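Novice: Provided herewith is a single structure, encoded as structure tokens, for subsequent inquiry.
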């Protein structure tokens with residue numbers, strides 16, 4: 481089973497999801513890296529603090545050790561002066577026989593923390609072997625976590641190169657420190673999760689804003705293609721029918737050519753309207769220039785075939801800054817709409833066109849008028865008049881032209897009962913153009 485290809489809109493939306501995921505992943509990598517660094521730093525910090533505290537105890541204890549005449553250690557002064565029960569202090573000495581285990585010279589009788597003898601000896605041997613302080617993490621016999629620290633000491637008359645005489649091992653509980661570290665770990669993990677989710681939301685919002693123009697362009701393209709297919713389907717079908725009729729010889733050839741010419745003219749107008757709409761929707765910059773709106777309207781009226789309709793024109797000098805081609809198209813659409821719909825069936829239209837100094841073009845007919853529910857949606861694309869074959873783009877293009885220039889197009893009841901369309905364009909400021 482083959483999968484259906486994605487539409488352009490679906491591909492853009494998938495790209496948005498990928499951008500969001502990439503943004504969240506990048507943030508996650510950075511945040512997790514910093515979180516790991518922070519957690520490891522805290523782990524090292526609390527261990528270093530404990531080691532410093534225990535090292536002070538062992539250094540003080542080493543100063544209280546006494547060696548008798550037989551080079552044997554005497555820890556009585558240490559026990560009497562400092563106490564070795566809490567924190568526990570164990571004194572180990574290096575045996576004279578090589579290969580033997582360290583000898584326990586002093587161990588607390590009632591220590592507050594108890595670990596196995598093997599763990600204490602291992603800590604002492606590590607310090608003696610390294611000739612430096614050694615620390616390790618262990619557990620007491622009842623399962624509580626502790627930190628062991630052993631520090632080597634030397635005989636008073638030890639010469640250069642002579643090894644340690646023994647080591648002192650102490651320990652302290654780490655339950656509180658580990659609990660604080662776990663709380664920090666959970667806090668950092670929760671903060672990372674929240675920040676990653678926030679980053680994903682921000683990335684989704686930003687990517688949405690970034691692809692919004694692309695989606696708008698795709699929607700405009702799809703709407704334009706729909707308009708083109710909708711508007712050209714009927715005349716194309718009519719041309720095909722005429723051609724088939726002519727081939728069968730069922731009608732007069734002259735009549736067929738006349739009807740074909742009318743359809744071709746209509747299709748040309750449709751194509752012009754679609755291209756004008758595409759230009760407006762694509763956001764192409766308008767070619768604005770100062771122009772005499774009254775002269776432009778008079779030219780449009782003169783160039784538009786009246787076909788038996790009556791047109792009266794009243795103008796005042798009006799100067800606007802606008803795109804001449806688009807304004808000409810909008811006025812022609814309003815005039816064509818009046819010719820098509822502003823009269824009773826079988827009667828010519830009576831159209832009145834006025835131009836006022838403030839840049840308003842009014843096209844009023846004496847037709848049946850417009851119901852209120854029709855006037856609200858009159859400027860929507862594909863809106864057709866009653867019984868009309870209009871493409872439904874003329875009035876919508878006129879409205880788009882007005883809005884593109886910062887103006888407006890309104891429809892009101894006419895004085896004679898028909899419809900009155902008012903195209904308002906912003907007048908030019910400080911212009912002194914006059915009639916030639």
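Numbering (my numbering), first residue to last: 481 to 916.
Note that beta-carbon positions come from the ideal geometry of N, C-alpha and C, so glycine has one too.
It should be emphasised that the depicted structure is a prediction, and the values quoted were computed from it without experimental measurement.
(1) Whose C-alpha, out of 581, 608, 874, is nearest the C-alpha of residue 597?
(2) Where are the beta strand (DSSP E) runs, 3 residues long or more, that stay fully inside the region 613–648, in chain order?
(3) Looking only at its chain, what residues have a beta carbon closer than 6 Å to the beta carbon of residue 493, apart from the 5 residues adjacent to it on each side?
(4) Here's the rule I'm using: 16 or more other beta-carbon atoms within 10 Å means buried, otherwise exposed. How should residue 567 be labelled?
(5) Check whether the region 553–566 touches the region 607–615, taking contact to mean three or more Cβ pairs, one atom from each stretch, closer than 8 Å.
(6) Apply the 10 Å Cβ neighbour rule to residue 561 and answer buried if 16 or more other Cβ atoms are within range, or exposed otherwise.
(7) The alpha helix (DSSP H) that contains residue 942, what's its start and end?
(8) Could you tell me whether the region 628–647 touches the region 537–544, where touching means 3 or more Cβ pairs closer than 8 Å?
(9) Is there contact between the region 727–747 and the region 526–536, where contact requires at least three CB pairs shorter than 8 Å?
(10) When burial is assigned at 16 or more other CB atoms within 10 Å of the CB, is residue 534 buried or exposed?
(11) Taking a contact to mean a Cβ-Cβ separation below 8 Å, would you say residue 802 touches residue 905 in this structure?
(12) Helix, strand or coil for residue 836, going by three-state DSSP, please let me know.
(13) Identify every run of the alpha helix (DSSP H) within the region 760–812, keeping only runs that are complete inside it and at least 4 residues long; order them along the chain.
(14) Quick one: residues in its chain with C-beta nearer than 7 Å to the C-beta of residue 796, no 5 flanking neighbours on either side, listed in chain order?
(15) Is the distance from the Cβ of residue 653 to the Cβ of residue 624 below 8 Å?
(16) Looking at the unbroken beta strand (DSSP E) that takes in residue 902, where does it start and where does it end?
(17) In this structure, how does DSSP classify residue 871 when only helix, strand and coil are distinguished?
(18) Measure the C-alpha to C-alpha separation of residue 831 and residue 690 and round it to an integer number of angstroms.
(19) Using three-state DSSP, classify residue 606 as helix, strand or coil.
(20) Which first and last residues belong to the alpha helix (DSSP H) in which residue 889 is found?
(21) Output the distance between the C-alpha atoms of residue 671 and residue 564, rounded to the nearest integer angstrom.
(22) Along the beta strand (DSSP E) that carries residue 572, what are the first and last residues, could you check?
(23) Straight-line CA distance for residue 799 to residue 495?
(24) Between 840, 804, 789, 847, which lies nearest to residue 828 when the distance is taken from Cα to Cα?
(25) CA-CA distance, residue 667 and residue 674?
(26) So, at 6 Å on beta carbons, what are the nonlocal neighbours of residue 908 in its own chain, with the 5 sequence-adjacent residues on each side left out?
Specialist: Answer, in terms of the structure:
(1) The residue with the shortest Cα to Cα distance from residue 597 is 581.
(2) Whole beta strand (DSSP E) segments, 3+ residues: 614–619, 625–633.
(3) Exclusion of the five residues before and after residue 493 leaves no residue of its chain whose Cβ lies closer than 6 Å to its Cβ.
(4) Note on residue 567: 16 or more other CB atoms within 10 angstroms of its CB, so buried under the neighbour-count rule.
(5) Under the 8 Å Cβ criterion, the region 553–566 does not count as touching the region 607–615, having fewer than three qualifying pairs.
(6) Classification of residue 561: exposed, given that the 10 Å Cβ count is below 16.
(7) Shown here, the chain extends from 481 to 916; a query on residue 942 therefore has no answer.
(8) Yes, since at least three Cβ pairs between the region 628–647 and the region 537–544 fall closer than 8 Å, the two stretches touch.
(9) Contact check between the region 727–747 and the region 526–536: fewer than three CB pairs, one atom from each, fall below 8 Å, which does not count as touching.
(10) Counting Cβ neighbours within 10 Å, residue 534 comes out buried, since at least 16 surround it.
(11) Yes, these two residues count as a Cβ contact at 8 Å.
(12) The answer is coil: DSSP assigns residue 836 none of H, G, I, E or B.
(13) For the region 760–812, the full-length alpha helix (DSSP H) segments reaching 4 residues or more read 773–783 along the chain.
(14) If we look at residue 796 and ignore the five residues flanking it on each side, its Cβ neighbours are 774, 835, 836, 837.
(15) Yes, they are a contact pair.
(16) Run containing residue 902: 899–904, per the beta strand (DSSP E) assignment.
(17) Here residue 871 scores only 40 on pLDDT, less than 50, and its place in the model is too uncertain to base an answer on.
(18) Whole-angstrom Cα-Cα distance: 48 Å.
(19) If DSSP states are grouped into helix, strand and coil, residue 606 belongs with the helices.
(20) Segment 888–893 is the beta strand (DSSP E) holding residue 889; no alpha helix (DSSP H) there.
(21) Between residue 671 and residue 564, the C-alpha separation is close to 44 Å.
(22) Where residue 572 is concerned, the enclosing beta strand (DSSP E) stretches over 569–573.
(23) C-alpha of residue 799 to C-alpha of residue 495: approximately 48 Å in a straight line.
(24) Answer by Cα proximity: 789.
(25) So the two alpha carbons sit approximately 11 Å from each other.
(26) In chain order, 770, 799, 800, 801 place their CB closer than 6 Å to the CB of residue 908, counting only its own chain and leaving out the 5 sequence neighbours on each side.
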